[in-house]
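Residue numbers (the working numbering), protein chains in the order written: chain R, 201 to 313; chain D, 6 to 119. The structure appears right after this line, and notes come after that.
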């Protein structure tokens with residue numbers, strides 16, 4: 201599975217968009233980009249995933265560059281409850297144990313009032 | 006649905022003791038896994054299972070045993086606890102492999118080994 205690189209921490213003002221970057225320059229063609237978050241002391245929570253196209257759901261948007269070497273998670277209107285560690289993960293979609301998730305250290309997003 | 010449940014929430018063990026962390030899911034998911042999370046670090050995969058009767062090792066399997074006799078349950082056994090196993094343990098489940106399929110995590114078990 202490809203390695204990802206994320207900033208250690210970011211700040212965002214409440215009500216503004218939070219843009220969290222992720223580099224995955226060694227991603228291969230059969231790997232999806234997944235985003236999870238972990239609010240303090242809780243289990244991780246799935247946010248969104250994508251392969252090539254941009255994706256949007258009720259929680260966030262995922263923008264993947266055309267060469268697929270980086271992506272950005274966008275929380276359109278951050279609230280204090282969005283303060284969490286955000287993990288960008290790439291995962292194979294074929295072959296054995298394709299559900300394995302390899303977590304890095306993620307980005308600590310602090311939403312400021 | 007209760008989702009993924011874990012028991013106990015907290016546990017203190019003495020070095021050398023054994024115990025089993027319980028994990029259950031009611032979503033009929035084929036895939037289940039165990040992670041540990043040490044302070045300030047991301048989650049690391051201990052063991053996983055792609056279905057009843059099938060288990061395999063993750064990144065950090067030493068000191069832990071698992072079995073999967075039913076689809077619903079995936080217990081994690083510590084045979085002889087060591088202080089290095091002090092951590093928060095998370096269980097997760099999902100539909101079987103391939104595209105899509107987010108993983109659902111339990112609330113965690115906080116284990117201290119003295």
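Positions of the beta carbon are idealized from the N, C-alpha and C atoms, including for glycine. In this text, all values refer to a predicted model and were calculated from it rather than measured experimentally.
- prompt: Listing by chain order, which chain R residues have their CB less than 7 Å from the CB of residue 46 of chain D?
  reply: 305
field: Those runs of the beta strand (DSSP E) which lie wholly inside the segment 50-95 of chain D and span at least 3 residues
entry: 59-62, 69-71 and 81-83
- prompt: What first and last residue would you give for the beta strand (DSSP E) that runs through residue 275 of chain R?
  reply: 270-275
message: Closest to residue 284 of chain R by C-alpha separation, out of D/65, D/118, D/36 and D/47, would be which residue?
response: D/47
- prompt: Helix, strand or coil for residue 216 of chain R per DSSP?
  reply: coil
Alpha carbon of residue 243 of chain R to alpha carbon of residue 237 of chain R, nearest angstrom: 9 Å
- request: Return helix, strand or coil for residue 116 of chain D, following the three-state DSSP convention.
  value: strand
message: According to DSSP, is residue 31 of chain D part of a helix, a strand, or is it coil?
response: coil
message: Between the segment 211-218 of chain R and the segment 243-259 of chain R, can you find at least three pairs of beta-carbon atoms closer than 8 Å?
response: no
message: For the beta strand (DSSP E) containing residue 260 of chain R, name the first residue and the last one.
response: No beta strand (DSSP E) holds residue 260 of chain R; DSSP gives it neither H nor E.
- prompt: Under three-state DSSP, which class holds residue 267 of chain R?
  reply: coil
query: Just by C-beta distance, which residues in the segment 41-72 of chain D are closer than 9 Å to chain R?
result: 42, 45, 46, 47, 48, 49, 50, 53, 55, 61, 63 and 64
query: residue 308 of chain R touches chain D at which residues, Cβ-Cβ below 9 Å?
result: Those within 9 Å of residue 308 of chain R in chain D number zero; the least Cβ separation is about 10 Å.
message: Please state whether the Cβ-Cβ distance between residue 81 of chain D and residue 69 of chain D is less than 8 Å.
response: yes
- prompt: From this set, R/218, R/216, R/273 and R/310, which residue's C-alpha is nearest residue 233 of chain R's C-alpha?
  reply: R/273
- prompt: From R/219, R/203, R/311 and R/253, pick the residue whose C-alpha is nearest to that of residue 265 of chain R; which is it?
  reply: R/253
Neighbourhood of residue 7 of chain D by C-beta distance below 6 Å, restricted to the same chain and skipping five residues each side: 31
- request: State the start and end residues of the unbroken beta strand (DSSP E) segment that holds residue 196 of chain R.
  value: The question about residue 196 of chain R has no answer, for chain R in this structure spans 201 to 313.
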